[in-house]
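Just so you know, the protein sequences line up as chains A and B, in that order.
For the first sequence, my numbering gives the first residue as 94, with consecutive numbering after it.
For the second sequence, my numbering gives the first residue as 41, with consecutive numbering after it.
Beneath this line is the structure, given in structure tokens, with notes to follow.
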Amino acid sequence: MTLLECRNVSKNFGKLQAVANVDLSVEKGEIRGLIGPNGAGKTTLFDVITGFYRPSTGQVIYQDGDISKLEPHKISQKGLARTFQQTFLFGFSSVFDNVLAGFHMRCRAGSLQEFSHSRHACMLDKQARDEAMEIINFMGLAPVQFMWAMGLTHGYQRMLGVAVALATGPTMLLLDEPVTGMNPTEKTQMMGLIRKIRDRGITVMLVEHDMKTVMDICDKITVLNYGRKIAEGLPDEIKQNKEVIEAYLGREGE
Amino acid sequence: MTRNQRICFAVFFLLMIPVPWLLGPFMTQIVILVITSGMLALAFTHTLKCGLLRFDIAGWWAVGGYTTAVLTTKYGVSFWLSMLIGGLIAVAIGYLIFIVAIPRGMIAFFMVGMVVAMIITQVFSASEYFGGWGGIANIPPPSIGSFQFISKPSLYYLGLALLALQLFVLLLLYNSRIGRAWSAIGGGLKLAKSLGIDIVKYRMVNVLVGNFFLALLGSYYAAYSLSVSPMSFSTGVSINVMVAVLIGGMFHSISAPFIGSAILYFIPEYLRSTGEFSSIILALITIFIILFMPMGLLGLFDRWVMPLIFRLTKRYPPGMQPA
Chain A
94 MTLLECRNVS KNFGKLQAVA NVDLSVEKGE IRGLIGPNGA GKTTLFDVIT
144 GFYRPSTGQV IYQDGDISKL EPHKISQKGL ARTFQQTFLF GFSSVFDNVL
194 AGFHMRCRAG SLQEFSHSRH ACMLDKQARD EAMEIINFMG LAPVQFMWAM
244 GLTHGYQRML GVAVALATGP TMLLLDEPVT GMNPTEKTQM MGLIRKIRDR
294 GITVMLVEHD MKTVMDICDK ITVLNYGRKI AEGLPDEIKQ NKEVIEAYLG
344 REGE
Chain B
41 MTRNQRICFA VFFLLMIPVP WLLGPFMTQI VILVITSGML ALAFTHTLKC
91 GLLRFDIAGW WAVGGYTTAV LTTKYGVSFW LSMLIGGLIA VAIGYLIFIV
141 AIPRGMIAFF MVGMVVAMII TQVFSASEYF GGWGGIANIP PPSIGSFQFI
191 SKPSLYYLGL ALLALQLFVL LLLYNSRIGR AWSAIGGGLK LAKSLGIDIV
241 KYRMVNVLVG NFFLALLGSY YAAYSLSVSP MSFSTGVSIN VMVAVLIGGM
291 FHSISAPFIG SAILYFIPEY LRSTGEFSSI ILALITIFII LFMPMGLLGL
341 FDRWVMPLIF RLTKRYPPGM QPA
């Protein structure tokens, strides 16, 4: 079943075409890789999919519903969560509070009940806290759960970003460079977690530059260059695709 | 409300109750000014929580004051009802104006706020209905039954009750899902959006709650000074509010406004002997604090005093145990 679909999506910034006529579809339960040289438009495509930008042409379809023109918070409410390349976190809050923040849209107790701290609201709050703890343990953040987010090491910060996105209870997770800047041990750990996340029923699409990781974990890979899709297929096919190799090597030669 | 907040709330108000009896009429007046100025600054930090800078505080304060003035003098409406109506008017007008400004971001909101306050003051000073530049005088004092709130102590307790109400409501809000949404918005706009938080809706609620309490405060001011005039609602008020918050410390949204206001009002008292130099000295003190204590006085307290308290009581907040 197709979960996410991009139909002829383009994004222009004036004369600069960051994303050009991209067709993409992700099946439920997949781990999809989105790769390409720097500046190929991967993060821009993520921004378009999650509503931070409106597509200049084309549509984004999620679970058979058109989400092209929706605001980011509405898209998150539909179950499409993401992490950011720059690791946005609530720096002055603890790890636990960060994860708890992700539960915001799942605690629908009604404003008046929330204001008066009714029993229903408190019970939902307790459930959220329990589940936040469960996510923290799942991601391996238990040792640092009380630390302020700004004090964490880079690796832990990235894990926390993923944990917060998980807290929203998504059906699909878009990860923007989840292992960038991590040492090999952390990378293996994160890869294992991504597999576990898929096993929980959450579809994953990730942008990454680390080729070994991408080839290792993805079911299917889509390659962008200069905003266009130049290849799509199984990791082994992509590894040998001439255009892909040229795109990367050509860039290095410049 | 957390246990600590409940304790601080109770202790604070217990300490404030005997003030008129302990400090005498003159100091009581100063304390009333500190409380009023503190509540104005509280509206500023309240909106700061969700990442917006308010420059329109004087305007909504004026709306409350003038609503009470007009309704009680021209239509014989009871003070308490005029207070409520003022609050509702401030919310309604605020909604109409900010529905345009808030979606356009922090800077647009700041600019609109600045202009709104000026326009409101202009409207009140230009129109004869509102008494023009002279304003409206002879406002009947609030009364319950046959008791009238004229004496300074009675006005002090009325102000204290208003403060208690505002703090109670704000603390309930800050500890609820709504408050957490505000903190999230203030902590990172993109992140909050990706967590399903409707930025515009929550910011609007925050601003309108602030408007409501500002209008109530305006009504209180009308009751206290028994007259309202455009002079008292100038832009200088908005600037004083920001200075008070800077002095108190931006990160403590509830205590900083009052600490800051206390400094701003008590220091001139002690500087009276210096005559004309008092405002210069106050300005120098303010600049000194902003340059060397950017986290404000409470920030200083956090940095130097709290570690000592933790060490003495052997009770550390989670995650801050010494190695």
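Here a beta-carbon is modelled for each residue, glycine too, at the ideal position from N, C-alpha and C.
Taking the Cβ atoms as the reference, A/L96 lies roughly 6 Å from A/Q156, within the contact range of under 8 Å. Non-local C-beta neighbours of B/L111 in its own chain, meaning closer than 7 Å and more than five positions away in sequence, comprise V117, S122, I125, ordered along the chain. In the structure shown, B/M56 falls within a helical segment according to DSSP collapsed to helix, strand and coil. When secondary structure is reduced to three states using DSSP, B/M346 falls in the helix class.
Between A/E123 and A/T278, the C-beta spacing is not below 8 Å. Counting only runs that start and end inside the segment 129–210 of chain B, the alpha helix (DSSP H) elements of at least 4 residues fall at 146–166. At least one CB of chain A lies nearer than 8 Å to the CB of B/R217. For A/D303, the secondary structure class from DSSP, reduced to helix, strand or coil, is coil. Assigned with DSSP and collapsed to three states, A/C99 falls in strand.
Straight-line spacing of the CA atoms in B/L88 and B/S301 works out to 17 Å. Note on geometry: alpha-carbon atoms of B/V247 and B/G228 lie some 18 Å from one another. Its chain contains V152 as the residues whose beta carbon lies nearer than 8 Å to that of B/V140, once the 5 sequence neighbours on both sides are disregarded; these appear in chain order. With at least 16 other beta carbons inside 10 angstroms of its own, A/P263 counts as buried. Here A/E120 is bridged, per DSSP, to A/T95.
Chain A has a Cβ within less than 8 Å of the Cβ of B/A221.
For A/K280, the enclosing alpha helix (DSSP H) starts and ends at 277–292.
The three-state secondary structure of A/V257, taken from DSSP, is helix.
A/S149 and B/V103 have their alpha carbons spaced roughly 45 Å apart.
If you check each beta-carbon in the segment 272–288 of chain B against every beta-carbon of chain A, none falls closer than 8 Å. Straight-line measurement puts the Cα of B/G226 at about 26 Å from the Cα of B/G276. Within chain B, K233, S234 have C-beta atoms less than 7 Å from the C-beta of A/P165, given in sequence order. Here the C-alpha atom of A/V316 lies approximately 6 Å from the C-alpha atom of A/E325. Across the structure, B/M271 and B/G174 are spaced so that their CA atoms are roughly 9 Å apart. Assignment of beta-bridge partners to B/L88 by DSSP yields no partner. Contact between the segment 244–258 of chain B and the segment 134–149 of chain B is established, with three or more Cβ pairs separated by less than 8 Å. The C-alpha of B/T326 is placed about 18 Å away from the C-alpha of B/F84. Using a C-beta cut-off of 8 Å, the segment 228–244 of chain A makes contact with the segment 187–194 of chain A, since at least three inter-stretch Cβ pairs fall below that distance. A buried status is given to B/Y264, since no fewer than 16 other beta-carbon atoms sit within 10 Å of its beta-carbon. Contact between the segment 303–310 of chain A and the segment 136–150 of chain A is not established, with fewer than three Cβ pairs separated by less than 8 Å.
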